[in-house]
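Novice:
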Amino acid sequence: MEPNYPQYHSHLLDLVRQLGQAVPGPMRGFARMHQEAVADGVLTGSVKELIALAISIAVHCDGCIAYHVHDALKAGASQQEIAETIGVAVMMGGGPAVVYGAQALEAVEQFKADLST
């Protein structure tokens, strides 16, 4: 069964908000670290999101894939940039990364369709 990544992303946002209510201090710290880590610098935010996506695939994190595909597209990454990022992740993560990379590519299609409606 094919996951619905836009719905999964929305669900994860709700769960993270709940976690933020349960442990506000650590989550505020994490949110600030995330914001600073992906802010434009020598590397653009888009490039940083692509790096995060590659790591997400290599470490087999479904939720991370949903977040970072969404955020990479939002930051202006193209489908081809994401595809090349998946290629790097597969090189680093081997066979299991192929499966997660294919799922990431499906997530791109779903988010693009979701954003166009």
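Per our numbering, the sequence shown starts with residue 31, numbered consecutively.
Note that the Cβ used here is the ideal one computed from N, Cα and C, for glycine as well.
On a Cα-Cα basis, can you pick out the residue from 34, 141, 127, 98 that is closest to residue 65?
Specialist: For the purposes of this step, residue 65 is taken as the residue at position 35 of the sequence shown. Comparing Cα positions, the closest option is 98.
Novice: If we ignore side chains and look at the alpha-carbon of each, how far apart do residue 124 and residue 71 end up?
Specialist: Translated into the one-based positions of the sequence shown, residue 124 becomes position 94. Translated into the one-based positions of the sequence shown, residue 71 becomes position 41. Taking the straight line from one Cα to the other gives about 30 Å.
Novice: For residue 146 and residue 46, I'd like the C-alpha separation in whole angstroms.
Specialist: Locating residue 146 in the sequence shown gives position 116, counting from the first residue. Locating residue 46 in the sequence shown gives position 16, counting from the first residue. Residue 146 and residue 46: Cα-Cα distance of roughly 26 Å.
Novice: Put residue 44 into one of helix, strand or coil per three-state DSSP.
Specialist: The residue given as residue 44 occupies position 14 in the sequence shown. Helix at residue 44.
Novice: Indicate the three-state DSSP secondary structure (helix, strand or coil) for residue 144 in the structure shown.
Specialist: Within the sequence shown, numbered from 1, the residue matching residue 144 stands at position 114. Residue 144: helix per DSSP, three-state reduction.
Novice: I want to know whether the region 71 to 90 touches the region 43 to 58 - three or more CB-CB distances under 8 Å.
Specialist: No, because fewer than three Cβ pairs between the region 71 to 90 and the region 43 to 58 fall closer than 8 Å, the two stretches do not touch.
Novice: Fully enclosed by the region 31 to 88, which alpha helix (DSSP H) runs are 4 residues long or longer?
Specialist: For the region 31 to 88, whole alpha helix (DSSP H) runs of length 4 or above, ordered along the chain, are 35 to 52, 54 to 68, 75 to 88.
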